[in-house]
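> As given, the protein sequences belong to chains A and B, one line each in that order. This note's numbering numbers the first residue of the first sequence as 301 and each following residue consecutively. This note's numbering numbers the first residue of the second sequence as 221 and each following residue consecutively. For glycine and all other residues, C-beta sits at the position ideal for the given N, C-alpha and C. From a predicted model like this one, the values you see are computed outputs, not experimental measurements. Got a structure for you, written out below as structure tokens; questions coming shortly.
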Amino acid sequence: MNKTLETGKLKTDTKVKKEVKNNTKMRKVLSYAAFVGPALLFFIVIQIIPFLMGVYYSFTSWNGVSSAIEWVGLENYKKIFTNDQKFYDSFLFTVKFMFAAVIISNVIGFSLALLLNASLKTKNILRTVFFIPNVIGGLLLGFIWQFIFVKGFSSIGNMTNISFFQQPWLGDADTAFWGIVIVFAWQISGYMMVIYIAALQGVDNNLLEAAKIDGANAFTTITKIIIPLILPAFTICLFLTISMAFKIFDLNLSLTGGGPFNSTQSVAINIYQEAFTNNNYGLGTAKAILFFLVVAIVTTIQVMFTKKKEVEA
Amino acid sequence: MKQIIVLCLSMLLAVGILTACGGNSENTSNNTDTGEDTDASATESNSDEVVTLNFFNGKVEIHDQALEMIKEFEEENPTIKVKLESVGGGADADAALKAKFSSGEAPDIFTNGGFKQLDLWKEHLADLSDEPWAEHVLPFAKVPMTDEDGKLYGRPVNLEGYGFIYNKDLFEQAGITETPKTISELEEAAQKLEAADITAFAAGYGEWWVIGQHLLNVPFAQQEDPAAFIEGLNAGSEAFAGNDAFENFKKVIDLEIKYGNQNPLTTDYNTQVTLFATGEAAIMQQGNWTENMIYEINPEMNMAFLPIPLSDEADADRLPVGVPNSYVINKNSEHLEEAKFFLDWMTTSETGKRYMTEVFAFIPALDNVEASGLGALGESILEYSKEDKTIPWTWFQWPDGASKDFGAAIQEYSADQIEYDEVLELFQATWDNLK
């Protein structure tokens, strides 16, 4: 009697345990679903499905309006590789722009972070001030800077006769390029600064003090201690700036619109024009797919490369 | 316990978001049959049902006035409501329209530029050949919206023209007594203006449509038969290089740049009009649509049109006049009849006519509507049209997207980056690539 009772009790015990286990598992799945589900759903509806549709359209000669969609296979891709000087030019521009913009905005962002990580009285205000440009929308910012370049600079130039301000900033291919780089860096540096500050605050003070005692000066502390320790921040910042600089559209559109004479036409604008102005929606999406591949490959390589270099204290 | 609450809350939120998004479409489709009042009246008599038309307007300049017109229309016709949406001109309005069509929210009435645009959109457009106003549309204004079968698909919004607008007072000040009609006379005038310390041209070369469409249209339109010339370009039997009008085209650009304002490549539309309206420059290449902008800055402005001459031949004295856009109707509209009725009302009713002429200050493209309320520029266009001294607008027949590249080539030339031969080569390459 006793024995059977005991085993019965044991059985129910394991049963309860199993149930509890199942319950927690169930709960875990549910809470994952609750938190990730909505975001995933929107991601699929807004990003993945249009992307797949884009892949499909890139094999067609659709004009964007007609109900007849003709399958042309790899024709669009062939055209891009064999006969599209403008796309090539805009790619070259975008790559050049990417390098200039990434270097400048990260240097500025990191320097600001170093400065504002020190115990300055005004550091909170300054952090906000430097971050604000990032809150303003790109289109608006572009138009504000267009006014500064076209009207502001020329009136300063007229008053002071400094040749720097007298140039037709957005009217010349070289200066227009730098104009866009300047505005991009101005917009994005504050954002990078915030990420760098967060990383800098995580650096162990003991290490810095030890370095000081060992006789390291400010420069070696930065290059040998701080930078290696906050490399994860560099990974993020480089990734963000590279992908943002590649995909630049709104600043470019409002500042120069790709002009003068298409010299500052980014890939994104080229794609937009192909799809909506030239009414070659299929060709435009083919370009977009190629562009996606390039951006994905470049950023993956960058992340892999910087990840490898990361160390822990 | 806490976890469960959090879980429930987040689920609720997720469901809330989903229903909020999904609900929209249901709401609109249910609109007509939910609500007991409308339901009851709808069953009583069908005509009482309120219908909403979506009107997509590509001319932002008249948005406010058009709203007033719609208000009067709705007062006269309480069963039809019109929802107006205006999107800025050019390619952006086009992209917005495409987005509307592909998202299933196609407007009932929208605008179309004709020719190539007509080909592109034709499968969505209703045939308007039998509308009561169709016979009153001026013959040349019908052309852009007529297909090869002779069917008419649109009602021209208005007529517009452009050329060199000149400031009469500044011309007088510089001692120019005769208005220049040929390229040599224009150069003389520019020299006189320069001698009097007046900038001759406000050159808006930053704007691709000013140079790539309007200015470049002149050599196209001055061909013996512009349509045949364009056909020839498509077939490869005509070329830009070696064509007289295009070779002469260089002179106009040179003239404008030589006697023009500083930094023409950063001079956009607003800057150009401001330069002219404030009297800083005596001539600008623009159209009668700038009239209101000019009068707002300078109500005293004394101005008129000059033709854009390419040569010294006498027949250069003609202005490019055309139909910028036509109203069209979506043939798959649920309220096709109401849309046609509204368009008819805009065209033939007294109120509609009044708005067209007096309020919008349009030059009507209809033979039964008299223009009134036009300013100096509108009058100037009307005068040229009546004397039949006009040339057509041809850019709607060019390959899609070509005018942007044409504009870029002209910019490159005016910035001294390339020679004029290369400009013509670029024109040719663009045409062959996009045709």
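(1) In terms of residue numbering, what span does the beta strand (DSSP E) encompassing threonine 272 (chain B) cover?
(2) In the structure shown, what three-state DSSP assignment does methionine 504 (chain B) receive?
(3) Between which residues of its own chain and glutamate 557 (chain B) is the CB-CB distance below 6 Å, once the five residues before and five after are set aside?
(4) Please report how far the alpha carbon of isoleucine 450 (chain B) lies from the alpha carbon of leucine 538 (chain A), in whole angstroms.
(5) Suppose you measure from the CA of threonine 567 (chain B) to the CA of alanine 315 (chain B); what does that come to, to the nearest Å?
(6) Touch check for the stretch 453-464 of chain B and the stretch 473-487 of chain B: three-plus C-beta pairs under 8 Å?
(7) By a C-beta neighbour count over all protein chains shown, 10 Å radius and 16 as the cutoff for buried, is asparagine 506 (chain A) buried or exposed?
(8) Does the distance from the C-beta atom of asparagine 579 (chain A) to that of leucine 340 (chain B) stay below 9 Å?
(9) Am I right that threonine 599 (chain A) and isoleucine 542 (chain A) are in contact with their C-beta atoms under 8 Å? What's the rounded C-beta distance?
(10) Find out if the Cβ-Cβ distance for the pair phenylalanine 647 (chain B), valine 377 (chain B) is shorter than 9 Å.
(11) Could you say which of B:Pro400, B:Ala629, B:Asn653 lies nearest to proline 619 (chain B) if we only look at CA atoms?
(12) Between the Cα of lysine 609 (chain A) and those of A:Phe534, A:Phe447, A:Leu500, A:Gly437, spot the shortest distance and give me the residue it belongs to.
(13) Just verifying my parser: in three-state terms, what is the DSSP assignment at proline 529 (chain B)?
(14) Just checking: is the beta-carbon of glutamate 574 (chain A) within a distance shorter than 9 Å of some beta-carbon in chain B?
(15) So, using beta-carbon positions, are valine 494 (chain A) and alanine 401 (chain A) closer together than 9 Å?
(16) Just the C-alpha distance for threonine 399 (chain B) and leucine 526 (chain B), rounded to the nearest angstrom, thanks.
(17) Using a Cβ-Cβ cut-off of 8 Å (strictly less than) and excluding sequence neighbours within five positions of isoleucine 380 (chain A), which residues of its own chain qualify?
(18) Would proline 560 (chain A) and glycine 471 (chain A) be called neighbours here (beta carbons separated by less than 9 Å)?
(19) Of all the CB atoms in chain A, is at least one closer than 9 Å to the CB of tryptophan 341 (chain B)?
(20) Which value, in whole angstroms, describes the spacing of the CA atoms of leucine 632 (chain A) and lysine 328 (chain A)?
(21) Closer than 8 Å by beta-carbon distance: list the chain C residues that pair up with glutamine 631 (chain B), in chain order.
(22) Run through DSSP, which three-state label would threonine 419 (chain B) get?
(23) Going by DSSP in three states, tyrosine 373 (chain B) sits in which element: helix, strand or coil?
(24) Measure how close the beta-carbons of histidine 434 (chain B) and glutamine 505 (chain B) come, nearest whole angstrom, since I'm counting them as under 8 Å.
(25) Within 9 Å (strictly less), CB to CB, does alanine 262 (chain B) reach chain A?
(26) Mind checking whether threonine 556 (chain A) and threonine 564 (chain A) have CB atoms under 9 Å apart?
(27) May I have a chain-ordered list of the alpha helix (DSSP H) segments no shorter than 4 residues that lie completely inside the stretch 447-512 of chain B?
(28) What does the Cβ neighbour count give for tyrosine 332 (chain A), buried or exposed, with the cut at 16 atoms within 10 Å?
(29) With a cut-off of 8 Å, do at least 3 Cβ pairs link the stretch 318-335 of chain B to the stretch 536-550 of chain B?
(30) Between asparagine 461 (chain A) and chain B, is any beta-carbon pair separated by less than 9 Å?
(31) Measure the beta-carbon distance from alanine 559 (chain B) to isoleucine 549 (chain B) and round it to whole angstroms, keeping in mind my assumption that it falls under 8 Å.
(32) At a Cβ threshold of 9 Å, is leucine 495 (chain B) touching chain A?
(33) Counting Cβ pairs closer than 8 Å, one from the stretch 569-576 of chain B and one from the stretch 408-425 of chain B, do we hit at least three?
According to the structure shown:
(1) Indexing the second sequence from 1 puts residue 272 (chain B) at position 52. Counting along the chain, the beta strand (DSSP E) containing threonine 272 (chain B) begins and ends at 271-277.
(2) Here residue 504 (chain B) corresponds to residue number 284 of the second sequence, with the count starting at 1. Strand, per DSSP.
(3) Translated into the one-based positions of the second sequence, residue 557 (chain B) becomes position 337. Only residues of its own chain outside the window of five on either side were considered, and among them none has a CB closer than 6 Å to the CB of glutamate 557 (chain B).
(4) Here residue 450 (chain B) is taken as the residue at index 230 of the second sequence, counted from 1. Here residue 538 (chain A) is taken as the residue at index 238 of the first sequence, counted from 1. Using only the alpha carbons, I get a separation of about 50 Å.
(5) Residue 567 (chain B) sits at position 347 when you count from the first residue of the second sequence. Residue 315 (chain B) sits at position 95 when you count from the first residue of the second sequence. One C-alpha to the other measures close to 27 Å.
(6) Contact check between the stretch 453-464 of chain B and the stretch 473-487 of chain B: fewer than three CB pairs, one atom from each, fall below 8 Å, which does not count as touching.
(7) On the first sequence, residue 506 (chain A) is found 206 positions in, with the first residue counted as 1. Its Cβ having fewer than 16 others within 10 Å, asparagine 506 (chain A) is exposed.
(8) Residue mapping note: residue 579 (chain A) aligns to position 279 of the first sequence, counting from 1. Residue mapping note: residue 340 (chain B) aligns to position 120 of the second sequence, counting from 1. Yes, the Cβ-Cβ distance between asparagine 579 (chain A) and leucine 340 (chain B) is below 9 Å.
(9) Along the first sequence, one-based indexing puts residue 599 (chain A) at 299. Along the first sequence, one-based indexing puts residue 542 (chain A) at 242. Confirmed, about 6 Å.
(10) Working through the second sequence from its first residue, we reach residue 647 (chain B) at position 427. Working through the second sequence from its first residue, we reach residue 377 (chain B) at position 157. No, Cβ-Cβ distance for phenylalanine 647 (chain B) and valine 377 (chain B) is not below 9 Å.
(11) Here residue 619 (chain B) refers to the residue found at position 399 of the second sequence. Checking every option, the nearest Cα to that of proline 619 (chain B) belongs to B:Asn653.
(12) Reading the first sequence from its first residue, position 309 is the one you call residue 609 (chain A). The closest CA to that of lysine 609 (chain A), considering only A:Phe534, A:Phe447, A:Leu500, A:Gly437, is found on A:Phe534.
(13) Start at 1 with the first residue of the second sequence, and residue 529 (chain B) comes out as number 309. Coil at proline 529 (chain B), not helix or strand.
(14) As a working mapping, residue 574 (chain A) is identified with position 274 in the first sequence. Yes, contact with chain B.
(15) Position 194 of the first sequence holds residue 494 (chain A). Position 101 of the first sequence holds residue 401 (chain A). By the CB criterion at 9 Å, valine 494 (chain A) and alanine 401 (chain A) fall outside the cutoff.
(16) Here residue 399 (chain B) refers to the residue found at position 179 when the second sequence is read from its first residue. Here residue 526 (chain B) refers to the residue found at position 306 when the second sequence is read from its first residue. As the crow flies, the alpha-carbon of threonine 399 (chain B) is around 8 Å from that of leucine 526 (chain B).
(17) As a first step, residue 380 (chain A) is located in the first sequence; it is residue number 80 there, counting from the start. Here the set comprises Phe387, Leu583, Ala586, Lys587, Leu590.
(18) Reading the first sequence from its first residue, position 260 is the one you call residue 560 (chain A). Reading the first sequence from its first residue, position 171 is the one you call residue 471 (chain A). Yes.
(19) If you number the second sequence from 1, residue 341 (chain B) lands on position 121. Yes, because at least one Cβ of chain A sits closer than 9 Å to the Cβ of tryptophan 341 (chain B).
(20) As displayed, chain A neither begins before 301 nor continues past 613, which places residue 632 (chain A) out of reach and without an answer.
(21) Among the chains of the structure shown, chain C does not appear; the protein chains present are A and B.
(22) Sequence index remark: in the second sequence, residue 419 (chain B) carries index 199 (1-based). In the structure shown, threonine 419 (chain B) falls within a strand segment according to DSSP collapsed to helix, strand and coil.
(23) Walking along the second sequence from the start, residue 373 (chain B) turns up at place 153. The answer is coil: DSSP assigns tyrosine 373 (chain B) none of H, G, I, E or B.
(24) Locating residue 434 (chain B) in the second sequence gives position 214, where the first residue counts as 1. Locating residue 505 (chain B) in the second sequence gives position 285, where the first residue counts as 1. The Cβ separation is near 7 Å, so the contact holds.
(25) What you label residue 262 (chain B) is simply residue 42 of the second sequence in a count that begins at 1. Its pLDDT being 37, under 50, alanine 262 (chain B) is placed unreliably by the model, and the measurement read from it follows with that caveat. So, not an interface residue.
(26) As a working mapping, residue 556 (chain A) is identified with position 256 in the first sequence. As a working mapping, residue 564 (chain A) is identified with position 264 in the first sequence. Yes, the Cβ-Cβ distance between threonine 556 (chain A) and threonine 564 (chain A) is below 9 Å.
(27) For the stretch 447-512 of chain B, whole alpha helix (DSSP H) runs of length 4 or above, ordered along the chain, are 464-478, 489-497.
(28) Locating residue 332 (chain A) in the first sequence gives position 32, where the first residue counts as 1. Its Cβ having fewer than 16 others within 10 Å, tyrosine 332 (chain A) is exposed.
(29) Verdict: yes, contact present.
(30) Here residue 461 (chain A) refers to the residue found at position 161 when the first sequence is read from its first residue. So no, asparagine 461 (chain A) is outside the interface.
(31) Here residue 559 (chain B) corresponds to residue number 339 of the second sequence, with the count starting at 1. Here residue 549 (chain B) corresponds to residue number 329 of the second sequence, with the count starting at 1. Going by Cβ atoms, the distance from alanine 559 (chain B) to isoleucine 549 (chain B) rounds to 5 Å, so yes, they are a contact pair.
(32) What you label residue 495 (chain B) is simply residue 275 of the second sequence in a count that begins at 1. Residue contact with chain A for leucine 495 (chain B): absent (no Cβ-Cβ distance below 9 Å to any residue of chain A).
(33) Because the criterion of three Cβ pairs below 8 Å is not met, the stretch 569-576 of chain B and the stretch 408-425 of chain B do not touch.
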